[in-house]
Amino acid sequence: MKRAIVIVAAVVCGLAASACSGKPKQPSAVPSFDTTVTSSPSPSPSVAVLTSTPASNPQAGGGGGPAAPTYPKSAKDYVQAMLLAFGKNDKSRMGQLAAQAALLQLASHTGLDPNWTVFVSCKPEGGSHTLCVFRNAHGDVASVKATNSLLGQPAAIVEALIDRTTYASDAAGYAGKFGLAWQNGNTERMRRLSSSSVVSFFSGKTPANSYTPYVSGDTVTMEGLPAGSFSFKLRVAGASLGKANAIVQASNT
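Residue numbers are given in the working numbering: position 60 of the sequence shown equals residue 1480, and the series is strictly consecutive.
Set out below in structure tokens:
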């Protein structure tokens, strides 16, 4: 028992002597059992990236995006597509099909009948363009020019002119517009200025080269030239001058 006490005392004295000496104390080694104790690891930031859903790429042609615009390859179809968009006031589609100059020309025309369904013609224009003519239900005439080399591509329409149906405020002028519409084969304008029954009167008849109007009361006599050409009379409702359908009757002279 005395031996054990002596050993403990010696150890204590040794420690005390070390503390009292001027030499710096050397750090003791970290117990090996501390390195084996670990806590649950926190998730690595890279794991969140790998498991997240990748963002959709707006440039990729995914099935959910809008369909790419199409461009007709014939002048007739291209112009018809343009007039369809014009009738619907679809500015986005119009911007795909027409150059700025043509868009500005169309912008000056509002309130027109939207049904450009009457195809008149498509003819070469200057070798590099095609001019197509369509009419709507009111007899307005659209003359639209397309660049041949741009058919099937954006902005092929370079010119779009509209000849609107107008309504004269005097009987002679009104009858003159009707006669000119007949000469041009514009039955839609003839009907807009008169009625279906009036238009049917002219079926099978050949218009003169020109007409001179003579007004007597509410009746306008249209004398055809050259002499001997077909002449006719139109009765015009004075209250309807300046508006549509003022011609109420047509008859022989």
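Cβ coordinates follow ideal geometry from the N, Cα and C atoms, glycine included.
Measuring only the C-alpha atoms, how far is residue i from residue j?
i: L1571; j: S1623; result: 38 Å
i: F1621; j: G1644; result: 16 Å
i: N1629; j: T1490; result: 44 Å
i: Q1516; j: D1583; result: 24 Å
i: K1493; j: E1608; result: 29 Å
i: I1667; j: Q1573; result: 45 Å
i: A1505; j: A1487; result: 17 Å
i: L1600; j: T1632; result: 11 Å
i: K1508; j: P1646; result: 44 Å
i: S1651; j: F1598; result: 13 Å
i: Q1603; j: P1627; result: 6 Å
i: T1590; j: L1523; result: First, the residue type needs correcting, since residue 1590 is Asp and not Thr in the sequence shown. In a straight line, the C-alpha of D1590 is about 34 Å away from that of L1523.
i: G1648; j: A1521; result: 46 Å
i: S1671; j: A1501; result: 40 Å
i: A1659; j: T1550; result: 43 Å
i: S1548; j: K1511; result: 26 Å
i: V1578; j: L1503; result: 13 Å
Among the options, which has the Cα closest to the Cα of residue i?
i: K1496; options: A1576, G1531, A1487; result: A1576
i: T1673; options: L1654, G1662, L1661; result: L1654
i: V1553; options: L1523, V1499, A1518; result: V1499
i: N1568; options: Y1594, K1543, A1592, K1625; result: K1543
i: Y1594; options: L1526, A1647, D1638; result: D1638
i: A1664; options: A1557, F1539, Q1603; result: A1557
i: R1555; options: K1565, G1547, H1549, W1536; result: W1536
i: T1586; options: G1547, H1529, A1521, A1501; result: H1529
i: V1538; options: Q1603, S1563, L1613; result: S1563
i: G1546; options: K1565, D1533, G1531, L1532; result: K1565
i: V1656; options: P1627, L1551, S1512, L1613; result: L1613
i: S1616; options: P1534, A1521, L1551, Q1669; result: Q1669
To which residues of the same chain is residue i closer than 6 Å at the C-beta, ignoring the five residues directly before and after it?
i: Y1634; result: T1641
i: R1611; result: V1619
i: L1532; result: D1560
i: P1534; result: G1507
Determine which residues share a DSSP beta bridge with residue i and list them.
i: T1567; result: H1549
i: L1654; result: V1640, A1670
i: A1557; result: BP columns for A1557 are empty, so no partner.
i: F1539; result: F1554
i: S1630; result: L1645
i: D1583; result: V1561
i: A1659; result: DSSP, once it has assigned bridges, lists no residue as partnering A1659.
i: P1492; result: According to DSSP, which records beta bridges pairwise, P1492 is partnered with nothing at all.
i: P1544; result: T1550
With a CB to CB cut of under 8 Å and the five nearest residues on each side skipped, what residues in its chain are close to residue i?
i: N1606; result: R1555, G1559, V1561
i: L1526; result: F1506, M1514, A1518, A1580, I1582
i: A1588; result: Y1594, G1596, K1597, L1661, G1662
Tell me which residues share the same chain as residue i and place their Cβ nearer than 7 Å to its Cβ, disregarding the 5 neighbours each side in the sequence.
i: V1540; result: V1553, F1554, R1555
i: K1625; result: F1650
i: A1592; result: P1633, V1635, V1640
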